[in-house]
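Heads up, the thing below is written out as structure tokens.
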Amino acid sequence: MFSPVVAKFGGTSLAEGNQFRKVQSIVSLENSRSCIVVSAPGKRFEGDTKITDLLGEIHRLKREGEGHEGLLIEIHKRYEEIHCHLNLSNDLRSEIHGVCKEIDLSSHRDFILSRGEYLNALIMAKSLGYTLVDAKDIIFFKDNGELDDHKTHKAIGKRLSKEEKVIIPGFYGADSRGSVKTFARGGSDITGALIAKGVSAACYENWTDVSGVMTADPKIEKSARTIPCLSYKDLLRITRDGAQVYHPDAIPPVESVNISIHIKNTNNPEEAGTIIGGDEKNGED
Ligand code: ASP
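Taking our numbering, the leading residue of the sequence shown gets 4, the next gets one more, and so forth.
Okay, structure coming up:
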């Protein structure tokens, strides 16, 4: 049976219109990249604010009875820029407007926070001609707040087997009453890992703004180099020690079924990046 590649793109990979274009070309280069998971737009430059942080601030202002309109306009403009850059339809413009209206009317923190990913998925699905599958229909949490692994795994397999090419918003699912519930921050990595396991992916690509797991922070250490392969155990240690490149909770789903994680750079796609696990020899000492 044909095994798809699951590709997750992080916030900096989708921060603005020209980054979307890079993602489009990466996805269209490889036909097997058929399950795409997206984060919300991240920082475009040093000192910029991530959309998820702006949404969190909107929720705080609402709770404290203060005005949030300025921030909502800022968010709307960021999506308008992406929409414009990609030359997409007016229908999509109305949909973006509709989601901003929903943010305006909601007081539910997790719902508000999740719209960053949802809007990116909406735009990416339209621009690639892929089907948008909402994460709240395939990722489930139990009443105690933990992920419902069994229900999630079954739902992903069942829903995605009906589609050829899908876009899924990262970072959230649904609680037992069907309301949106988010993972911890950085949780889109977990979404991607769950999807990879659920569709028995050939591999899980995690696209970011660095060329894999590095020996040091490349922004600080110019001589930092990419580590070509690692074991899951090493990745767990490195991420628990604070490396931001991958969420530690996104390791177990793929490790349990021995699917390799490829960490790649959206801005330098030809670079090899880092391969983690999937093969007993990787990184074992
Ligand atoms: N957008 C969310 C965050 O900033 C989730 C993610 O990017 O993985 O934490």
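Positions of the beta carbon are idealized from the N, C-alpha and C atoms, including for glycine.
Residue i versus residue j - alpha carbon distance
{"i": "E166", "j": "E72", "result": "38 angstroms"}
{"i": "M127", "j": "A196", "result": "19 angstroms"}
{"i": "S1", "j": "H88", "result": "Examination of residue 1 is not possible in this model, given that the chain is present from 4 through 288 alone."}
{"i": "E19", "j": "I78", "result": "12 angstroms"}
{"i": "N90", "j": "S130", "result": "9 angstroms"}
{"i": "Y207", "j": "F174", "result": "16 angstroms"}
{"i": "F186", "j": "G70", "result": "27 angstroms"}
{"i": "K139", "j": "S97", "result": "22 angstroms"}
{"i": "E120", "j": "K154", "result": "22 angstroms"}
{"i": "A219", "j": "D151", "result": "36 angstroms"}
{"i": "V257", "j": "T242", "result": "15 angstroms"}
{"i": "I193", "j": "I54", "result": "19 angstroms"}
{"i": "E84", "j": "K11", "result": "22 angstroms"}
{"i": "F144", "j": "I170", "result": "21 angstroms"}
{"i": "K200", "j": "S92", "result": "34 angstroms"}
{"i": "K284", "j": "I278", "result": "Low local confidence applies: a pLDDT of 47 at K284 is under 50, so the model's placement there is unreliable, and no value is given."}
{"i": "P272", "j": "I29", "result": "7 angstroms"}
{"i": "K104", "j": "V40", "result": "24 angstroms"}
{"i": "T229", "j": "D94", "result": "43 angstroms"}
Sequence-distant residues of its chain with Cβ nearer than 7 angstroms to residue i (five each side left out)
{"i": "I115", "result": "L58, I61, H62, I106 and S109"}
{"i": "A275", "result": "P231"}
{"i": "G281", "result": "C206, N261, I262 and S263"}
{"i": "S6", "result": "S203, A204 and A205"}
Same chain, Cβ closer than 6 angstroms to residue i, five either side skipped, listed in chain order
{"i": "G286", "result": "Caution applies to G286, whose pLDDT of 46 falls short of 50 and renders its modelled position unreliable; the model cannot decide the point."}
{"i": "A253", "result": "D192, I193 and A196"}
Helix, strand or coil at residue i according to DSSP, with G and I counted as helix
{"i": "Y175", "result": "strand"}
{"i": "S28", "result": "helix"}
{"i": "N285", "result": "Residue placement at N285 is flagged as unreliable, the pLDDT there being 49, under the threshold of 50; the coordinate-derived value follows with that caveat. Note: N285 maps to coil in three-state DSSP."}
{"i": "N268", "result": "strand"}
{"i": "L91", "result": "coil"}
{"i": "I126", "result": "helix"}
{"i": "F48", "result": "coil"}
{"i": "I142", "result": "coil"}
{"i": "K104", "result": "helix"}
{"i": "N209", "result": "strand"}
{"i": "F23", "result": "helix"}
{"i": "K236", "result": "helix"}
{"i": "K165", "result": "coil"}
{"i": "K53", "result": "coil"}
{"i": "K184", "result": "strand"}
Whole-number beta carbon distance between residue j and residue i, since they are thought to touch under 8 angstroms
{"i": "V136", "j": "L122", "result": "Contact doesn't hold; Cβ gap of about 15 angstroms is too wide."}
{"i": "F191", "j": "S42", "result": "Here the sequence assigns Ser to residue 191, which means Phe is not the residue at that position. Going by Cβ atoms, the distance from S191 to S42 rounds to 4 angstroms, so yes, they are a contact pair."}
{"i": "S16", "j": "H111", "result": "No, S16 and H111 are not in contact; Cβ-Cβ is about 27 angstroms, not under 8 angstroms."}
Cβ of residue i within 9 angstroms of any chain B Cβ
{"i": "Y249", "result": "Annotation note: the requested chain B is absent from the structure, which comprises a single protein chain."}
8 angstroms CB neighbourhood of residue i in its chain, flanking five on each side removed
{"i": "D146", "result": "D178 and S179"}
{"i": "K46", "result": "G14, T15, A18, T52 and K53"}
Report task. Assess, as a yes-or-no matter, whether the segment 206 to 215 is touched by the segment 247 to 264 under the definition of 3 or more beta carbon pairs within less than 8 angstroms. Result -> The segment 247 to 264 vs the segment 206 to 215: in contact.
Requested in this report: Evaluate the contact criterion for the segment 29 to 49 versus the segment 63 to 70: three or more CB pairs, one atom per stretch, below 8 angstroms.
Outcome: no
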